[in-house]
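Take this note's numbering: the last position of the sequence shown gets the number 259, and nothing is skipped along the way.
Okay, so here's the structure we're looking at.
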Amino acid sequence: MNIKIIVATHKPYTMPADKMYMPVHVGRAISADWQQTGLAQYTGDDTGENISSKNKNYCELTALYWAWKNLQADYIGLAHYRRHFKGGTGDKWQAVLTDRQAEKLLENYDVILPKQRNYYIETTYNQYIHAHHRQDLDKTLEIIKEKYPQYTPAWDKVMNSTKGHRFNMFVMKKDLFDSYMDWMFDILFSLENVLDISDYSDYDKRVFGFVSERLLDIWLITNGVKYTELPVINMESQNWPKKILNFLKRKFTAK
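This is how it looks when you write it as structure tokens:
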């Protein structure tokens, strides 16, 4: 198998040594000083057919779009510079999924996904509207109903669930990857045309990356895709008490 996992990054960082991984500098088209920061060692998302200039709104999706249009492999996936699939034990970097481990999993599954995140006290829909803007999802649903009505039952199921696959991380068989990219970007480009984000904060202007995280499960369920899950390793420490406190604040104080 020829497996390529692109690693989305906006800064120089330690990368997995395995040949399967391909660091991609996201947003290079709008990064003025990338040649002076060590990012020149990575592939830019601004070559070939690309949407690199949309990175502030599409986040890691500019790397996925680049891979869709320019990268040839049997399987294509995405990880983040500080977030990787766990394949083994030991030190964080030693535990990162290897080509050999991925190949063994993909003999039996079409897709590798991260373990689902469980919000416990909130559904996917409620968690999103408390953290972002309600209209992001409501307008997305309007587009799906109009263009892909067969996906609405899965939309309802996902939005009413407390669990979901996040981070836009996966490793996917190429034909499925192409199909998913075509579907997802059609929805997101349509959303971009009707969603006014002029008053959004810089954080919320990353809306298309946020919405896409909720689309993956809808596509998987509708198409009956066979997948397996792996834990995710975060290469940097996380302040979980702060994360939980912010989550509760959004839930109980959001208007």
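We put the CB at the ideal spot given by N, CA and C, even for glycine.
All figures in this text were calculated on a predicted structure; none of them were measured in a lab.
C-alpha distance - residue i paired with residue j, whole-angstrom precision
i	j	result
V211	H136	8 Å
D179	A83	19 Å
I9	E111	17 Å
G92	V198	44 Å
T47	Q139	35 Å
L224	I147	18 Å
D142	D50	31 Å
D37	L43	9 Å
N122	K149	27 Å
H134	D203	17 Å
Y79	H169	19 Å
A12	H29	6 Å
K108	E196	39 Å
E53	Y69	8 Å
D206	Q120	27 Å
F174	K209	23 Å
T41	Y152	43 Å
D160	P16	40 Å
Q131	Y124	10 Å
K90	L101	5 Å
H14	P20	16 Å
P118	A67	18 Å
T18	N6	23 Å
DSSP bridge partner residues for residue i (one or two, in chain order)
i	result
H29	T13, G48
Y79	I7, K177
N263	A query on residue 263 cannot be resolved here, the shown segment of the chain reaching from 5 to 259 and no further.
V100	K90
Helix, strand or coil at residue i according to DSSP, with G and I counted as helix
i	result
W244	Low confidence applies to W244: its pLDDT is 39, below 50, so where it sits in the model is not reliable, and the reading given next is rough at best. If DSSP states are grouped into helix, strand and coil, W244 belongs with the helices.
R86	coil
K8	strand
M176	strand
Y207	coil
P157	helix
Y231	strand
N61	helix
N238	strand
L117	strand
A21	coil
G213	helix
Y152	coil
D37	coil
L110	helix
T127	coil
L43	helix
Measuring CB atoms only, is the segment 191–199 touching the segment 214–224, in the sense that at least three cross pairs come out at less than 8 Å? Short answer: they touch.
Does the segment 230–243 come within contact of the segment 88–102, defined as at least 3 CB pairs closer than 8 Å? Here the segment 230–243 lies against the segment 88–102, with 3 or more beta-carbon pairs under 8 Å apart.
The segment 58–78 touching the segment 28–37, judged by at least three CB pairs closer than 8 Å: Of all C-beta pairs linking the segment 58–78 to the segment 28–37, three or more are shorter than 8 Å, placing the two stretches in contact.
Check whether the segment 20–27 and the segment 156–168 touch, using three or more Cβ-Cβ pairs below 8 Å as the test. In short, these stretches do not touch, since the Cβ pair count stays below three.
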